[in-house]
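Chains as they are written, first to last, in the working numbering: chain F, 1 to 148; chain W, 1 to 116.
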């Protein structure tokens with residue numbers, strides 16, 4: 001996987017910030033040749049990751065830092081993609097406990113991790129020594145959708 | 001219901017047996033709590049049928065889907081029926097990813113929703 005260029009967004013842990021991030025992600029996905037469906041999937045996964053940080057990492061406090069880095073990458077079979085890092089300074093949790101729930105249990109909540117797992121090609125949670133959580137995710141342009 | 005500045009509810013039409021609620025805007029973490037409160041208030045009127053028009057909802061996240069699950073449960077608790085219609089591909093895909101498309105009644109048009 002070779003990196004080419006990256007964009008970093010620094011936002012406060014306020015749900016009002018989410019449309020700004022969605023707009024940036026959507027624009028970058030279009031530039032990288034993502035189809036409409038995959039661009040929406042990427043945007044949704046990042047949105048869900050940020051929502052989880054706001055709700056669980058920071059317990060809803062709206063003034064805490066979240067850094068999002070979007071990096072264009074080239075993956076398997078030369079497919080272009082976008083790697084995402086979501087870094088926060090909130091509560092640390094054991095990555096092994098971060099799992100999507102049983103969807104047969106129809107109820108509100110707990111769907112964000114399932115969406116990330118379903119939509120992204122790669123994802124990995126870790127606990128950096130300096131505190132907080134780091135989520136790394138990658139989504140590649142779907143086969144046949146690469147442009148240029 | 002008092003009109004609220006940031007409400008996603010654009011219009012409410014009440015008729016015998018049905019209440020149609022037209023939503024407009026992104027149903028995301030920022031807007032879902034207020035929408036939840038408003039829809040719960042509407043469900044409290046116990047309309048036999050609650051039809052939600054999502055044609056002007058460009059985006060919905062899991063908090064929005066969760067809001068609709070909770071309202072659905074309230075409507076079902078008094079044997080009412082809740083139907084969604086007018087979903088664009090993006091919004092529909094969120095229901096599909098979360099497998100909630102099998103839980104809700106989803107129609108293309110208001111006419112179809114009214115006939116379910």
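C-beta atoms are modelled at their ideal positions from N, C-alpha and C, and glycine is treated no differently. None of the values given here were measured: they were computed from a predicted structure.
Of the candidates F:25, F:78, F:130, F:15, the residue whose Cα lies closest to the Cα of residue 8 (chain F) is F:25.
Taking a cut-off of 8 angstroms for Cβ pairs, the segment 104-115 of chain W and the segment 62-74 of chain F do not touch, as fewer than three such pairs fall below it.
If you check the CB distance, residue 90 (chain F) and residue 57 (chain F) come in under 7 angstroms. The residues 100, 103, in chain order, have a CB closer than 8 angstroms to that of residue 69 (chain W) in the same chain once the five nearest residues on each side in sequence are set aside. Pairing residue 51 (chain F) with residue 29 (chain W), the inter-Cα distance amounts to about 7 angstroms. Residue-level contact check: residue 29 (chain W) touches chain F, since one or more beta carbons of chain F fall below 7 angstroms from its beta carbon. DSSP places residue 30 (chain F) in the uninterrupted alpha helix (DSSP H) bounded by 18-31.
Residues are counted here when their Cβ sits less than 9 angstroms from a Cβ of chain W; for the segment 111-127 of chain F these are 111, 112, 114, 115, 118, 119, given in chain order.
Under the Cβ criterion (8 angstroms, minimum of three pairs), the segment 87-99 of chain W does not count as touching the segment 42-52 of chain W. Taking 7 angstroms as the CB threshold, residue 40 (chain F) lines the interface with chain W. Within the same chain, no residue comes within 7 angstroms of residue 79 (chain W) by CB-CB distance, once the 5 residues on both sides are set aside.
Put simply, the CB of residue 47 (chain F) is near chain W, with a gap under 7 angstroms to one of its CB atoms.
No residue range can be given for residue 102 (chain W), since it is assigned to no alpha helix (DSSP H) and is classified by DSSP as neither H nor E. For residue 12 (chain F), the closest Cβ of chain W is not nearer than 7 angstroms. DSSP places residue 117 (chain F) in the helix class (H, G or I) of the three-state scheme.
By the 16-neighbour rule on beta-carbons within 10 angstroms, residue 31 (chain F) is exposed.
Residue contact check for residue 62 (chain W) against chain F: a CB pair falls below 7 angstroms. Of the other Cβ atoms in all chains shown, fewer than 16 fall within 10 Å of the Cβ of residue 101 (chain F); this residue is therefore exposed. Comparing alpha carbon positions, the residue from F:36, F:110, F:68, F:20 closest to residue 88 (chain F) is F:68.
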